[in-house]
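For the sequence shown, the positions run 1 to 111 when the numbering used here is used.
Note that the Cβ used here is the ideal one computed from N, Cα and C, for glycine as well.
What follows is one structure encoded as structure tokens, with my remarks underneath.
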Amino acid sequence: MYEHTVDEGHGAFAQMHQFLESAANWCRDRGTLDSAGQLDSWTTRLEELIEDARLLPESLTIESARPPRNERRKQAALQPSPSASTTKPAPVLPADGPRAGAAAPAAVRHR
Numbered sequence: 001m002y003e004h005t006v007d008e009g010h011g012a013f014a015q016m017h018q019f020l021e022s023a024a025n026w027c028r029d030r031g032t033l034d035s036a037g038q039l040d041s042w043t044t045r046l047e048e049l050i051e052d053a054r055l056l057p058e059s060l061t062i063e064s065a066r067p068p069r070n071e072r073r074k075q076a077a078l079q080p081s082p083s084a085s086t087t088k089p090a091p092v093l094p095a096d097g098p099r100a101g102a103a104a105p106a107a108v109r110h111r
């Protein structure tokens, strides 16, 4: 996406720059100098933005080489969690059922 946007001559920034220059020239040819001046101002600001975009850190290129976020999530889901236990969970007994080793209530005891 970065290369598509910033690519000299063919990227989105270059196309916008060309559009603004053409529009400014069109306005000048028709005598609307205020509009041409405004478009020239936007062209200058866009040139500054293009220059800043070209100076972005290399980490952007490195980041773009990483798998997409959804792919990273899939890979992480396939790997076992370091906190996941490999032992079987203990069986769950009903809350009102008998418990092993528990004494029967006094009313249930046999005489």
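{"Query": "Could you give the distance in angstroms between the alpha-carbon of E48 and the alpha-carbon of S35?", "Result": "20 Å"}
{"Query": "Candidates R28, L20, Q15 and R54: which alpha carbon is nearest T43's?", "Result": "L20"}
{"Query": "I'd like to know whether the C-beta atoms of L46 and H17 end up nearer to each other than 7 Å.", "Result": "yes"}
{"Query": "Nearest-angstrom Cα distance between G11 and I50?", "Result": "10 Å"}
{"Query": "Tell me the rounded alpha-carbon separation between R28 and G37.", "Result": "9 Å"}
{"Query": "CA-CA distance, L55 and Q15?", "Result": "19 Å"}
{"Query": "With distances taken from CA atoms, which of G31, N25 and A53 is nearest S41?", "Result": "N25"}
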